[in-house]
Each structure stands twice: as structure tokens, then as C-alpha cells.
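S.K.: Protein chains in written order, with my numbering: chain G, 1 to 290; chain S, 291 to 598; chain A, 599 to 936; chain H, 937 to 1428; chain R, 1429 to 1755.
Just so you know, even glycine gets a beta-carbon here, dropped at the ideal spot from N, CA and C.
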Amino acid sequence: MLPATKALTAHRSQWAEVWRRLKQNRMAMAGLAVIGIIIFTALFAEVIAPYGYREQNLTRIADPPSREHLLGTDDLGRDILSRIIFGARVSLQVGFVAVSIALIAGGTLGALSGFYGGNIDNVVMRCMDVLLAIPSILLAIAIVSAFGGGLVNVMIAVGISNIPVYARIVKASVISIKEQEFIEAARAVGASDFRIITKHILPNSMAPIIVQGTLGVAIAILSAAGLSFIGLGIEPPTPEWGAMLSSGRHLIRRSPHVATFPGLAIVITIFALNLLGDGLRDALDPRLKQ
Amino acid sequence: MYKYILRRVLLLIPVMLGVSFVVFTIMFFTPGDPAKLLLGERAPESEVQALRTQMGLDDPFAIQYGRFLFNALRGDLGRSLVTRQPAALELVNRFPATLQLAAAGVLVAVLIGIPIGIVSATRQYSLFDTFSMIFALIGVSMPNFWQGIMMVLLFSIMLRVLPSSGYGTPAHLVMPALTIGTSSAATITRMTRSSMLEVIRQDYIRTARAKGLSERVVINRHALKNALIPIVTVVGLQFGYLLGGAVLTETIFSWPGVGRLMVDAIRQRDYPVVQGGVLLLALTFSIVNLFVDILYAYIDPRIKAQYK
Amino acid sequence: MSDILLEIKNLNVTYSTQEGVVQAVENLDLQLKRGESLGLVGETGAGKTTTALSIMQLVPAPPGRIETGEIWFDGEDLLKKRSEEMRRIRGNRISMIFQDPMTSLNPVLTVGFQITEAITLHQNLTAKQAEGQARDMLKLVGIPEGRVDDYPHEFSGGMRQRVGIAMALSCNPRLLIADEPTTALDVTIQAQVLDLMKRLREEFGTSLLLITHDLGVVAEVCDSVAIMYAGSVVEHSTTPRLFETPRHPYTRGLFNSIPSLDEEVPRLKPIKGLMPDPTNLPSGCRFHPRCPQAIDLCSTRSPAHTDLNPEHHVQCMIYEGLVPGPDEPDAGKAQEGE
Amino acid sequence: GGAETASEHPAKRNNAETLVVGMPGDPRSLDPHRTNDQPSSRVKKQIYDTLMYQTSDLTVTGDGLAESYEVISPTEFAFTLRQGVRFHNGEELTSEDVKFTFERMRELNAPAAFLVNALERVEIIDDYNFVMHLSFPFGPFITHLAHPATAILNKTAVLAAGENYGRNPVGTGPFSFVEWRAGDSLTLSRYDDYFRGPAASERIIFRIITEDTQRAIALETGEVDLIYDVGPNDYRDLAALEEIKGFQTSGLTTFYMGFNAQKKPFDDVRVRQAINLALDVEAATQVAFRGYATTAKGPLAPTVQFANTGLPGYGHDVERAKALLAEAGYPNGFSTSIWTNDNPVRVMYAEIFQEQLRAVGITAGIEIVEWAPYLDRTARGEHDMFMLGWVAVTGDADYGLYSLFHSEEFGDAGNRTFWSNDEVDRLLVEGKTNPDPAAREAAYLRAQEIIFEEAPWAFLAFRDELNATRDYVQGFEPHTAGHHILYQVYNN
Amino acid sequence: MDRATQKDPILSVRNLRQFFETKRGTLKAVNDISFDIYPGETLGIVGESGCGKSTTGRSVLRLVEPTGGNVVFQGKEVTTLPRREIRNFRRDAQIIFQDPFASLDPRMSIAAIIAEPFEIFNLYSRTERIERVQELMSLVGLSSRLANAFPHELDGGRRQRVGVARALALDPKFVVCDEPVSALDVSIQAQILNLIQDLQDRLDLTYMFISHDLSVVRHISNRVAVMYLGKIVEITTYHKIFTEPRHPYTKALLSAIPIPKVGAKRERIILEGDVPSPINPPRGCIFSGRCPFVMDRCKEAAPRLHETEPEHRVACFLAHNETDQPE
Ligand SMILES: Nc1ncnc2c1ncn2[C@@H]1O[C@H](COP(=O)(O)OP(=O)(O)OP(=O)(O)O)[C@@H](O)[C@H]1O
Ligand SMILES: Nc1ncnc2c1ncn2[C@@H]1O[C@H](COP(=O)(O)OP(=O)(O)OP(=O)(O)O)[C@@H](O)[C@H]1O
Ligand SMILES: [Mg+2]
Ligand SMILES: [Mg+2]
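#1: Along chain G, in chain order, which residues have C-beta atoms closer than 8 Å to that of G1167 of chain H?
#2: In whole angstroms, what separates the C-alpha of L1439 of chain R from that of S1487 of chain R?
#3: For W19 of chain G, which three-state DSSP category applies?
#4: Tell me which residues of the segment 699 to 725 of chain A have at least one Cβ-Cβ distance to chain S shorter than 7 Å, keeping chain order.
#5: Got a sec, what are the start and stop residues for the beta strand (DSSP E) C1726 of chain R sits in?
#6: Given M873 of chain A, which residues of its chain have a CB within under 8 Å of its CB, disregarding the five upstream and five downstream residues?
#7: Is it the case that the Cβ atoms of G1075 of chain H and P1267 of chain H are separated by a distance below 8 Å?
#8: In terms of alpha-carbon separation, which member of A:I869, A:V815 and A:V639 lies closest to Q1617 of chain R?
#9: Tell me whether C1605 of chain R, by its Cβ, gets closer than 7 Å to a heavy atom of ligand 2.
#10: Work out the CA separation of L251 of chain G and N1045 of chain H for me, nearest whole Å.
#11: So F182 of chain G contacts chain R; which residues on that side make the cut at Cβ distance below 7 Å?
#12: Taking 7 Å as the cut-off, does the CB of Y613 of chain A come closer than this to any heavy atom belonging to ligand 1?
#13: In this structure, how does DSSP classify T343 of chain S when only helix, strand and coil are distinguished?
#14: Let me make sure I understand the geometry here. Which of A:E668, A:L703 and A:I602 has the alpha-carbon closest to that of N625 of chain A?
#15: According to DSSP, what are the bridge partners of V1500 of chain R?
#16: Apply the 10 Å Cβ neighbour rule to F360 of chain S and answer buried if 16 or more other Cβ atoms are within range, or exposed otherwise.
#17: Along chain S, which residues have their Cβ under 8 Å away from the Cβ of L245 of chain G?
#18: From which residue to which residue does the beta strand (DSSP E) around L1236 of chain H run?
#19: So L1029 of chain H and I1088 of chain H are in contact, right, with Cβ under 8 Å, and what is the actual spacing, rounded?
#20: Let's see if you can read the secondary structure: which residues bound the alpha helix (DSSP H) around W1116 of chain H?
#21: In this structure, does DSSP put I196 of chain G in helix, strand or coil?
#22: Is the beta carbon of A1730 of chain R closer than 8 Å to that of C1719 of chain R?
#23: Could you tell me which of S:I593, S:F445, S:D583 and S:T574 sits nearest to V130 of chain G, measuring between CA atoms?
#24: Measure the Cβ-Cβ separation of G368 of chain S and P135 of chain G and say whether it is below 8 Å.
#25: Just checking H1580 of chain R against ligand 1 - is the residue's beta carbon closer than 7 Å to any of the ligand's heavy atoms?
#26: CB-CB under 6 Å to M684 of chain A, same chain, minus the five flanking residues each way: which ones, in chain order?
#27: For the alpha helix (DSSP H) containing A426 of chain S, list its first residue and its last residue.
#28: Spell out the partners DSSP gives Q629 of chain A in its beta bridges.
#29: Quick one, are the C-beta atoms of E1138 of chain H and S1121 of chain H less than 8 Å apart?
#30: Cβ of T642 of chain A within 7 Å of any heavy atom in ligand 1?
#31: Is T647 of chain A close to chain R? Criterion is C-beta to C-beta, closer than 8 Å.
#32: Is any non-hydrogen atom of ligand 1 found closer than 7 Å to the C-beta of H811 of chain A, if you look at the structure I gave you?
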């Protein structure tokens, strides 16, 4: 088989290069490993968690960590470790779905306004200015108030309130890529706008998007936790970390573990996502290359 | 320059219209009847209905929105459905606390973020770089309400050096400002670091070194000013974010800010306060950003030239 | 006082990168006489800038590192100086102009300030006097002194490069290093700037190390030329001699690659192949893979210095008598495969 | 003097003149005709007086603004006002103010107007004498005249302040209004001409501290002297401290889980009883309130007048519950949902019940609905089961039963179970209108028996009121309805 | 070099204008230029940075929409082609870009870049495509093992070969070479120049060769057009432009080029000042501000591009006959 065969179709790219650079960043790899572990436990929560996330034991309320309950029990006598493990599922889901929503909507808008400029750009960007000017947590609260709480609505609310961030980033990178010669080169061989956007511009604007996305997952998880704190979160007994933390805050004096462990779970996850995001930023940005 | 500022100020108008429209629309579709909330659970249906009619809540969306706009343009945001006070007054009462907290938070973030960012950029990949980034990242990773509670445990209960909640004296400001400041600090550190790294690579820094300037002068005089633009941008954005985003911190520390008022107002369907509040926050945010843009011009003569 | 102003002996500079260690400068020897202008010519990546930065001791570290060598300037080894002492030399006795006038001035400071800064730093002048001197320098390079308070973006490329020259000459340095000062400029502007540099050099008596890849510029400005390839100087002579009788196969190849303005050549005769990978230099003579005269020996033994005469040095085994020389001066196959 | 304000109090304090009270909610308005929320009432209680006086244990005495009253007929009451009572603005209290107050209350459609909706008009005899005419006999009328919402306002002051009266209240109470920093604090100062004599403290600062834990910490660190509504978890911690005095008293609040009695399967009394039996309310209450509550056996807290304390309670009996369900045609249970708002205690109950119902085969989802739509939607009967509480603020059974169980009160008015029973309807009207206490008692006891049997609710708990003070605070006596009287309270 | 003048031009440009609206006003990047290119020849275009060379190339190919004028390619009007037919036009007219680093999509493999035109025009079967890519790669002297490589793994010279291969993929008849060698080192530059020349012979191509380097242009072109500030100031054969330049700007340009010969003494004309902004071009002759031979009339009226002798057109009053009228 001719060597060109593979290359003709597979748009393998410098991801290998990025990965190589990322691998040399020990902090980022640590972050990635932590995220990997969390995703793994989330996927196999049923197998890993010692108890069910809703299993109550009303005689063992807020027990401190012990051999049966490694991280103790919560205000309903449920195993905190198990709830954290199941909660990873919810929190990560909220984070990723919310970012996806923001990214797809914001990305499309940003790409269009960056690519076509002019009036489309004006209209889109004014709309983004509007969304940006409204504090995102208030926007999320208002949306949840309007359409009700629950996992799906929380994800949508957090997603919507983050749209302008992605619209701006995508627009900025589309504009800078649009000006590059290879776009003109593609046009010179007859490529359509659609092809140019999808095959050339978007793949090349992935770097800042991925970085922002990684950090955005962290922000979304925190936002959802914040909504839970206000009481607008996800229905119980679904173990969402923010809700766990917030319901444990009343016990903070005598049974600090109830709020501390979910809090740590959030801190560790956000921390890892941030490490990874920073690492990706360095790895993806050739200018930062040493 | 003045023309530019004027144009930007005029541009605020459509943005504010948009903001009011978005908020009005969301609130319009939010279930919960303010008339009923106003009259209490026990009011007979007929009275509720009468009040609804009187408040114009049964009018079509366009008319309600039009009326709101018309009144808002005359500076009348209506009266709070909850307290019966003019919504504008309610907001104005709370605004100083919000500004104070946001400013203090940004100050904390800047005082932490910029020096750390600079030092870790000039010593990229050093131990200091690593540790300060970890430190900054921990700040951003902690949920505000959790951090707040932890700080209260430490400073109010164990050390007994700071009041646990409330508003008024500088001592009251310390913990709330630290809580929100540390979460912004990471962003600012990050931006400072990458912006400085970018600038340090520039030819003109090499030129400055080639003149024989000391490293300190090179960094402070030549690099920092150039690196400042993206930093100022994030500082502005953070300030805007803190204006309305400090809800949780305000709740933890019983801080009488607009954010908490807004959350209560949303939940109590206090439409005039919600609308007025979001407009106020959005306007402040936009003005801060305008301010940032003007600041650019003072930092960077190239930008100033564009505005001419 | 010797008439040699700058002498570099056996300089080795490396960069450690993720791809491996780049041997940017390798066993480089170079001499520059007082009042002389020396052209340092080579293709991209040959190590010209690194050499210049080594003299200034501005090689970015990490990743760069001056491994071994001596850089004698006015009787002192610069590499032995403490950083504080070196700072006092930089911008004062040695100064430097960089390639890209668009980026080498600080965009947020006025040009006046940027010139004055160097003057106040190195000379015992009051701020007023320094500013006066800055105005004089601007006038000297043909910029109206009224523009001291303008910012770089308000100048064209050529004017910015003149500002760079004014800044470099403001402390009347012994040695001026110019790293491709006109590469980014248009020919007509380049002509203006080169003209100015020639004039000022004569006026100030400054020695010049002019880095370029343009042999035309060298012919116009320099007294002598050093040709660099893969980190070392492969040929060094006075300009007329080198242009008339280039000896090193690489130097000859260079001349053959240039389309001529006044001769008609139907086809160019380029050097085959590419610059070697800097992390993986060929063994023996670094040029042997591209050399039309190369024999097996070239890939195993490094050529030594040969003085063809006191003014013409070359590093090639042809002149050590180990390798047969070219029958015809030019050979080299045109279209390179792969 | 009003120079010193809330902001100047130091972090640690034991200031004899100023009493600092930590309160969870921000008052909405100090105009009694605008709101009837607890935080406002707690402040109004200090600023205003009512015609009748109610002690902290809910005994109504003749010690109010009315020196005496006389029942002319079941619908006519003649009152004599105390003479020489002055409002904070210096004006003397007259019948005119009383008349004005009640008329305004009706006109403005005040949230608490229902308390006195039996009142037809106030007839002024002279400055100190007036007659109240009712449109129908109303048993709890005199009790209601002790409710802070019926406080007497000063006509001049109200008319002068107009819409802004809520921030410029003028009463006859022991404290006059000084300053209100929205969201932060509210300052009152001693009214020296108070008709009962000057109050014990010179100044009261109410601080709004919304978070339970933070309020407790503020008391512990001495930033405040007295806190209301201590969280159950915090109460345990505080009670353990020497320098803190805890006050655990029975309250008027009933917690319940209502069934939509017009919707299948809850239209079947057996299902409702089965659920009552299936729930281990005792255990759940223990968890939800950390023990600071009494398990409910009927709809009224024992502190409420005419509460039936003889009801046996359902107890926890899974087998019987299953049997009843089978009898009702649901041997394998069914699927349903529990609605609640985001009140943590209710959510906790819901979570526990969800698990306990599983044991009898009932699968219940939990749906958290925001307060405003929660009231709306439960009023429309969209729910299956819902968690709610009720405070019999007046301490009278009428308040505690009528709107919750009378069939005329479906929906918004209070009966969100849509359960109706003719006999109960009749008994509740009897209790409401019969001026004879003994007759009222008989009617209410019977009504409660029927309600217990018919089980439109799962009866959950009567919450204890938890308050705490620093040890140096003297004279604090919790008010059963939560409108604590601070007249006699001071820092020693 | 024996251009058949009797042949019809393959490309004929008339009064081409390309203006850009900018914040500071209308930028006249290309301002009313006309020229012809004949089959098989190379027209060189030289001029200083910003004089409109690239813009000319781009508007001829309709990569930007010209503001005015006509471009006729093989007898067809290009400026009014409907969108769909532009695609077909692209099969015949291609471009090689200046910057071999920026003109290749960094996320596509070499083979994918070269095959992109096939994909767009849906040409060939899969296997044929692969073969065709191999063919093109060997045509431009790229080893087939580089097919799977990515642009960043290649040096400038090889990248430029990829750019050439892409431009040739659709078998064009006409190629705009926009400074294809200016980013390259001399030894590599010579290799690419040779390649471009060889391909012209083998594939019968017509070139418009843009460069700021007169010696390169001279080496490769049959005729040369000199541009200044959006206008052509002189156009003639490669020979004449060096032996008998008529326009003062051309003369200055020639004299400014440093010649790699010691003692190559020439009369140097050093122009004062910078190229003026194309937003506010000088009145009259665009070169009048810097022209060493400026006359009063130059500041009043602009000289037309006038045929002073066969094959030689100059826009300068000095080169015109006395009877010549300003336009
Ligand atoms: N900061 C750096 N990090 C890593 N490698 C470097 C660095 N600077 C230069 N190099 C490498 O060192 C070698 C010599 O570079 P140098 O810049 O000295 O060459 P040059 O002759 O000035 O080239 P040019 O003509 O492109 O300016 C090159 O291979 C280059 O890639
Ligand atoms: N898309 C555009 N929008 C605005 N101005 C443009 C645009 N493209 C080119 N210009 C301007 O038009 C003028 C001519 O540009 P062009 O790129 O054609 O010059 P050039 O001769 O190719 O220069 P160079 O040698 O630098 O490539 C310049 O002033 C340039 O800034
Ligand atoms: Mg260099
Ligand atoms: Mg160009």
C-alpha cells in the first residue's frame, strides 16, 4: 500500500505533537491522571462504590470516617464515599454537557460572526455583549427559576450563561485563522465557505477552544454547585457534589467531614482540570514552546 | 478619543435594551404569580385577579415590556413588590456594599495575581513558578461558599480575629474579599504570566537588554507596561464578574449586596427589582469595560491612535 | 594596543530543546580589527544571531548555553565578566541593532525616551543633557528632532531602523553589531539605511559586525567577510579577495545560487540539498552531504583551518591537500530530489 | 440619640446599652398592612402595640392599648382605650387612629386582613371609646387583636409618609425606629415615654444573618447577644457552651405531607392511611430536626388552643400498610411523586420517605419546586404528595384548622389536599363562630379525630422553637409564635 | 523567450481597480492597471512592499472581488463569472503563495493538502487520487515518503514544493506565483526557481511572477511590470528593463539593489522618504514626491502609461514625447 493512502483520508494532525509536549508537563499529566481516575470511577461507580448512593441508615447520622464508611456518613446516614463516587458522574456530566452546550452554540455564533464579519458579526456580538453584561450566575438562577431545576435544566442554564465566552474565543481565533494564507489557498483551489469553515478554520481554532473548554468544565461544575447552594440544583437523592457540600454545611462544626469531603472532591477535580487546561494551553500554543 | 467614548456610550443603549429584553422575557416566562405573592396565600382569587389587572400582568408581553421600557426611560423602575420601596432605592441602598466588595476582591486578586504572575513568568519552570501556580489554582478551585465557611472556622472561631459576618468596618470586609479575591487571583495570575512570557520574548525586550538596562528595569519599565493590556482586560472582566457573581459570598457573610438582593428578588418574583438590578449590574459592567478600553489607550499609544 | 578589537576563539553555543541539543555555534573563530567592518554571512540557522548574542551575552538561557570559548574584546575576555560588568559594556562600548525594526522598539515608550534611557544609563549626564543628546542623534540619522515624543508606531520601517541606529550609536560604542539590519526593509529604504550606516561608521570610527545573508550588502558595506555554515566560519577573507576567488565549495555554491542582475544565466546552479538538521549535524565536514567535491574522507574527518594567505582563511580539506579540488569551479546538480 | 449605628459595633462586645439580635431574614416592610412575614413581625412587635396583649405563652390579657373591652353582643365589642399613650411622634393615641388602622387594613387588602375580616366597621364614641361591629360572630376575634399585624398605627404619620411608610414606622411601642440598612441591620432605640415605662435596653440592633451556622457563630463569638431560629445542629453545639443559654420551647408549627385527595390513588382513604403507616415518622423527625421536634399525631401542635392531644398516632407498621394497600387494590404499590420546595428539612423528609415508601412498593420521585410556583401548582392540584408546614400564629385552633381542612378553602386559601368532609366543614364553622369556648373545644376535638382518621395528611412533626442568648442576657422569654418581646431584655 | 506576439493573450487585464474600505478612508491598493499575459510567457511584477502586487494577483484570480475593471481569461470575462463557474476557472488558474509556512494548513498531511483539489472537484477514484498525488510529488521533487508528514515537519524549501504541487494538481494553464521564493534562503531559492522554470517548460504554463527582488524577476521573466503605489509605472521586456529603464523609479530601484560584486560601481540614486500611503496618494504623478527628476507638471497631472517604443510602456512625462497629453 502506498504511504499516501492513510494520509489522504485521515486528518491526523499535530495532536501527536501536542500530546508529546503535554507529556513533558508533569503537572498537566498529574491533572490528566486525576481526571482519568475520576472519569473511571464515575463510569464504574456501581462496581467501585461500597454502598448505593441512596442507601440510608437513619441510626448513623453524620458518623465520622470509620472502617465501614471510609469517609463517614452524611445527614441521612448515607455513605459519603459512595455518594462522592456517584456524584462524580453527575458533576462531570454537568460540566461536560454545559460546556458542550455553550461551545456548540457559542462556537457556531462565533465562527459565523468571525468568518462573515459585517452585519452578522455586529448582530451576534451585540447579543453576546448583552449576555455577557448579565452576571452569569444570576442568568443561570433566572433560567432555572423560569424553567425549573433538575439536571437537564441546570446544565442548560449553566451552558447558556457561558455562551458568550465561547463565542468570543471562537470568533477571535476564526478571525486570526481566516487571515492566514492557507485559507486563501483553499479558496484558490475552489473550496466553498462551508468547506473552509469546517475543514480548515474550525480544526485550526481548536487550541484555545480546548483550553477554554477544559477550564470551562471546571467553571460549570462550580456554577452548578453554586446553584445547589442556593437551593436551585438537582433533585435529591441525586448525589451532586455541590448539593452534598451545601447540605453538609450545617454540620460543619461538629461533623466537618460531611461538607469537607465533597468540598475536597470539587477542589481536586477543579484543580486537576485547571492543571490540565494550563498544560494544554502551553502545549497547544507554539509560542510558549521553549 | 472623545468621539470614540461618545460612540461607545451610545453603544451602551442597544446593549441595555437587549439586557432588559432578555431579563424581561425570562421573568415573563417564570412561573409564580407576583400578585398572589403580594397578597399572600390567603387572598381570594377575585382579589388576586383584580390586582393582576391593576398591575397589568394580564396584558400581552409587548405591552408589558413597552410599559416597563417607557417607565424605565423616565427613571422609574417601579416599586418593589415585596417591600413597596422604589426598586431604584432598594438597589441604590445595596450598591455601595457590592461595589466595595467587588473592588476589594479585585484588589486582593490583583495584589496576589500580578506579582506572582510576573515572578513566575520571569522564572518560568522554576520551583517558585510551580508553587505559585499551584497556590493560585487552589484559590480558584475552592467553591466560594466552602472557602468562606472554612475561613470563618479559622479566623472567627479558632483565631477569633475577624468578625464572622456582617458589613461595615474594614474588618468585616477581609474574609469576603479574600474569598472572592482568591478565586479571581488565579485568572489574573495566569493572564499575567502568559502575557509576560509573551512580552519577554519580544524583540524590544532584547533591545532593552542590549542597552545594558538591569533586569529589574527591563521587567518593570519595558515588559510590564506592554503586558498590561490583557491583564487590564481580565481585571475589568473580573470586576464585572464580581459585581453580580458574589452572590454566594454575600450569602455566607450576610453581606448586604445587590447580588443577594437579586437572588431573593428572583425567587420572590419581585420583577421591578430583578429588572432594575440586572440593568444596574449590566450597566456597571459595561461602564467598567468601557473604562478598561479607555485605559488601554493610556497604556498603549497604538490603540490611542486608532481611536482618533 | 593591538589592532584587533574583537577576537572570538573556539566558541561553542548550544540550545537544549525538546528535539535535542542544537549545536548553534561550533568551534567558531572570528577576528575583527579596529575600525573595520566585517560581514558575517550565512543561511538561516547558520548561527549568526547566536554568535552576536554571545558577544553581547544575551543568549537566552535557558535554553541557550555558551559551552566553551573566549571572546576577547579590547583586551578583556567578555565571557569572564560578571553580569554587572557586562551590563556596563552593553549599550555603551558594544551596541546592537536588530533585524526587525517593526518589533525591536518598545511600542509603548516614546522614541526619545528609548534613546535617552541608554544615554543616562551609561553617561554621566543630566536628564536634560541626555535628552539634548537624543535629539542630536535623531537629527544625525535624519529624523526631525521634533519627533522625540512620538511613539514607534508613528514611524515607518525605515525610520524606525534609523531610530535603532541612533539608539545604538548614542553612546559612541567601539563595536556596533548589526543583525540583518535591512533584511526587513524594501530595497530603496535599505539603500538609505545602508548609506546612513556607512556614513556614521566613518564619522564615529566604530567597528562594525554586520550580519546578513545578502552578499550584495556585504560587497557594498564590508571590508572583510566571514562565511558561516552550520555554526562555524568556513571561509574568512577581505571582501575583494573573497568575492573574486571564493574557495570553499559552500561559498562558491552561494555565488552560483544568486540570480545575477547583469549577466544572463539560463539556469541557476544551486547547492543541492538543505541546511542540516541542527540537532543532528553530519559527521566530519558539516558540509560534505551537499558538497560536489566530497569524498569519503569528508564524512569522517573535520577540516582544519587553512590560511591561504594572511588574509584568507578557509576550512576545507581541499586546501589541506587531502581532497581533490574542483576541475570546474561549479558543479552541483540542479533539481534536488526529495 | 441616634449617633451610634449598627456599623460601629465592635466585633466582640458586651455592651450593656445595646442589645444585638441575630435574625435569619430581612424584614420586608415595617408597615403592618404591607406584609405579614415573620422577620417584619419580629421588629414590628417592638415598635407597635396591639389593642390586646399576648404574653409569650400566648395568653391574651387586657394589658394592651385597650384598657378594657366589653362584649355587647357576639358581633359588637365596646373598647376603652388607655389614656395618655403617645406615639413616637408625640401624638396621643385616640379612637380615630384605631378606626384609621382597621380601615386602611381593609383598603390596602393587607396580607393579614383575613385576621379581622369579620370586622365590619369601627364606630367612634369619643377619643377613647369605640365600638367594633362584626358582620358575623367570630370566636377568635379578641385573640386576633393581639396579633402584631393588627397593630395600631398613627394616622398622621401614615398619611405623611405615604408609600414610604414601611421605612418610617411610627408606633406606640417600647422602641422607636432609627435606621434600616437593607440586608444588613436594623436599629431601634428606646422610647422613653413608653406607657409601660422605658424598656430595659437603650438600643436594639437586629442583624440579618441568613446562614444558620453563621448566626450561631456570631453568638458564640459574641458579635451578637441573642439569636433567633437556631439551626438544630448548631443548637446542640451552642447548648454545650457555658456562656450560652439555650431556649428550647414548643412552637405552633405543624409539618405535614399532604395528599392530593381528589387524585388517584389518594382518593382512597386506605391508601392515605397506608402511607401514614408505612412512614417511620418518628425516625425521620429525629433525623430531620435532630430531635428538636415532637412527632405529630394530629394536625395541631399541643400549644395551640383546643389541640386534641388524645389522638393515638399512626405508628410505623409496614405490614398493615401493605395490607391496606392490597385492600385498596395496590398490592404491588404504585408510582408517584413527592413535591417539596427547597426547604432543607422538607427535602430531608422527602428523601427519607422516598426510601421508606419503597419498602411498601411505592416508588416516589422527588420534585423540588421553587416556592412561588410551588404554591401556585399545589393550589391548582397538580401534585400527588407535597411537603408543607403551617404555623398557627394566633395560637387558636381556628387558624390551625379552618383554611387547611375546610372545603371552601380549596387551593390557594390553604386546603391543598382538596380533601373535604361535610362534618368537618360543619365543625370548623361551629368552632369559628361560636363564642362559647367550651362549644368550640368540643367541635375542634371532634374535627381533629375525623381528620386523623381520614388522613388527608401524613402527620409529621411539631417543631420546637430554638433560640439562644449569651449568658449575660437577662429577661429573654421566647414567644411561642416567634414574635419575641424584647421590652424586658437587656445585657447584664 | 521567443514569445509569439501574434498570439492572443491568455489573460488580459483592463483598468483593474481594487479598493479597500478602511477606517482611515479608501485604500487604493490597485488603481487602474492594464496589461496582457500571453500563453507560455512569464510576466514579472516587481515593486516595493505594499505597492499592490499581491492584490493584483489576487484580484486577477478573483480571490478578492475587484472594485472595477475587466479581467479576461482565455476569452472569458472573469470579473462577472457567477459563483459556480468561478470553480471551473480555478481549474485553469492557480496560485503559489509567498509564505510556505502560512499557506499550508498545519492540520493536514502533505498528501491531503495536495489531494484537496481532487476532493473539491470530485476528481478521480481513491486509488487514482493516490497515484496522482504520488505523481505530483515526484514532479516537484518530493520524496513519496513525505506523503504522511505534516507541514511543520518540513523545511521551507520542501513546503514550497508542496505549494507548487497543490497549485499544479488541477492541471492549470496559468499560475500566479506570489513571491514564491522570498521567504527562502538563497540556496533553496535557486532550487525552487529552477523548479518553477522547469515546470513551465514541461507543462506549458503561463506565469505571473510577483517579486520584490528585481534580480529574481529578471532571471525568470519574459516581460517585467514595475508597480508603484497601485499603478504600473513601466512595463517592458526583461532585457529592456535592465538595459534601458525609462522610468525614474525603475532606475532608482535598479540602482538600489546591492550587487554581490566588489567595486561594481554604479550611479546610485538614493530615494528620499518612504512610499506614501495608498490612502492618500500624492496628487499628479504618484512618484512625484520622491522623484529626483520631478518637474512642476508632475505635481499637477498624472502621466499615462504610454508606449514609448514597441514593447515598452512607461508612465513618465520624461519618457513621453512632447506631444503627449496628460490624461
Ligand atoms: N532560543 C532558541 N532555542 C532553541 N534553539 C535556538 C534558539 N535560538 C536559536 N536556536 C537555534 O540555533 C541555531 C542557530 O540560530 P541563529 O538564530 O543563531 O541562526 P541565524 O544564523 O541567526 O539564522 P537567521 O538567518 O534565521 O537569523 C538554529 O538552528 C536555531 O534553530
Ligand atoms: N484585505 C485588505 N484590506 C485592506 N487593505 C488591504 C487588503 N489587502 C491588501 N491591502 C492593502 O493594499 C495595499 C497593497 O497590498 P499588497 O498586499 O497587494 O502589496 P504587495 O505589493 O503584495 O506588498 P508585499 O510586498 O508586502 O507583499 C497595502 O497597503 C495593503 O495594506
Ligand atoms: Mg538571525
Ligand atoms: Mg505581497
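M.R.: So, from the listed chains and residues:
#1: H250
#2: 13 Å
#3: helix
#4: T701, S702, L703, N704, P705, V706, E715, A716, L719 and H720
#5: Here C1726 of chain R belongs to no beta strand (DSSP E); instead the alpha helix (DSSP H) covers D1724 to E1728.
#6: E641, T642, G643, A644 and A828
#7: no
#8: A:I869
#9: no
#10: 42 Å
#11: A1530, S1531, L1532 and D1533
#12: yes
#13: helix
#14: A:E668
#15: R:S1440 and R:E1505
#16: exposed
#17: P433, F435 and W436
#18: Segment: none, L1236 of chain H is in no beta strand (DSSP E) and carries neither H nor E.
#19: 7 Å
#20: From DSSP, W1116 of chain H is part of no alpha helix (DSSP H) but of the beta strand (DSSP E) over F1111 to R1117.
#21: helix
#22: no
#23: S:T574
#24: no
#25: no
#26: Q655
#27: L417 to S431
#28: A:E605
#29: no
#30: yes
#31: no
#32: yes
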